[in-house]
DNA sequence: TTTAGTGCAAACTCTTTGCAGCTAA
DNA sequence: TTAGCTGCAAAGAGTTTGCACTAAA
């Protein structure tokens, strides 16, 4: 069903269909969690060796613009992308020990954000809320160096 | 007073003093708002032409490690740095129209964050909360393209 | 036949590193 | 005299762009 959204987006923009792009979209939408362009390329290439990194980047851009993907940076240089579930906004807990990412939703926080914005006569389009720290597993293992990349 | 913290940090690490670093630190601490390495270099060079970008980067790293600076990325590629005011954590409203950055503090939000963490048995070390949208001025001017960079 | 899509290599942006000379202690 | 500090140039990492070719419509 999400795919029809993209089809519509492609049509409305006068774009064409292509097997590489289809493959990237299909693979992306089947992913759980957060995927970087590089990681997605690896998955895509398992099915089709001919796809290049550039196409993955271009397709992710298209997906983001059409609202099917959400781009996130967390505390790193690389962008990661997550399939957008309509109407399901959420924020993240990021473990600096093992890199695990957990999701949460909290309406009360959102309400307070709106209140803050109102005080500043500011109109929120979107927000970023990321809680960094240590998950249960990592706190048990004791002090551990943050996972690189 | 903040400067004595850095002096202590430098001593404890067995580092040396240098006029370039002093100039960068001095300039940085006198800045309001958020400064990128490039912007800081421009300011520093007004007083001393001999300072290089590398030294600015290295000094900002030192300041961040010693707790005198806080690094922030917002929605851009570049890092910006802000002098850390001890015990004064705050979050940001970022206008996508003009790039203006406003600060706010909200204890209730922080309390709710701790509650979320507790539910997930997660231990927060720090968080990022950024509200993106349109400020009053920009909403008056009507639809305006987001300022690049 | 037209024009979007593709992969490759090159360019780009921001940041870090290697290095040889400089300088504080 | 011994390292840390410096600027420069080069290297890195992640992403975007230019280009000639391919292929959908």
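Residue numbers (my numbering), protein chains in the order written: chain H, 37 to 185; chain R, 37 to 185.
All residues carry an ideal CB built from backbone N, CA and C; glycine is no exception.
Query	Result
Sorted by chain position, which residues of the same chain lie with C-beta nearer than 6 Å to residue 108(R)'s C-beta, five sequence neighbours on each side aside?	116
Residue 169(R): which of 96(R), 43(R) and 135(R) sits nearest, CA to CA?	135(R)
Name, please, each residue of chain R whose Cβ falls closer than 7 Å to the Cβ of residue 159(H).	169, 170 and 175
So with CB distances below 7 Å, who are the chain R contacts of residue 166(H)?	163 and 164
What do you reckon, are the CB atoms on residue 130(H) and residue 167(H) nearer than 9 Å?	yes
Compute the beta-carbon to beta-carbon distance between residue 171(R) and residue 158(H), rounded to the nearest angstrom, for a pair I have assumed lies under 8 Å.	6 Å
For residue 159(R), name the three-state secondary structure that DSSP assigns.	strand
Taking the alpha helix (DSSP H) that residue 76(H) belongs to, which residues open and close that run?	73-81
Does residue 156(R) get closer than 9 Å to chain H when you measure Cβ to Cβ?	yes
Is the segment 100-107 of chain H in contact with the segment 138-146 of chain H, if contact means three or more CB pairs nearer than 8 Å?	no
Between which two residues does the alpha helix (DSSP H) containing residue 174(H) stretch?	172-177
Compute the Euclidean distance between the alpha carbons of residue 165(R) and residue 165(H), then round it to the nearest angstrom.	4 Å
Could you tell me the alpha carbon to alpha carbon distance between residue 61(R) and residue 122(R), rounded to whole angstroms?	17 Å
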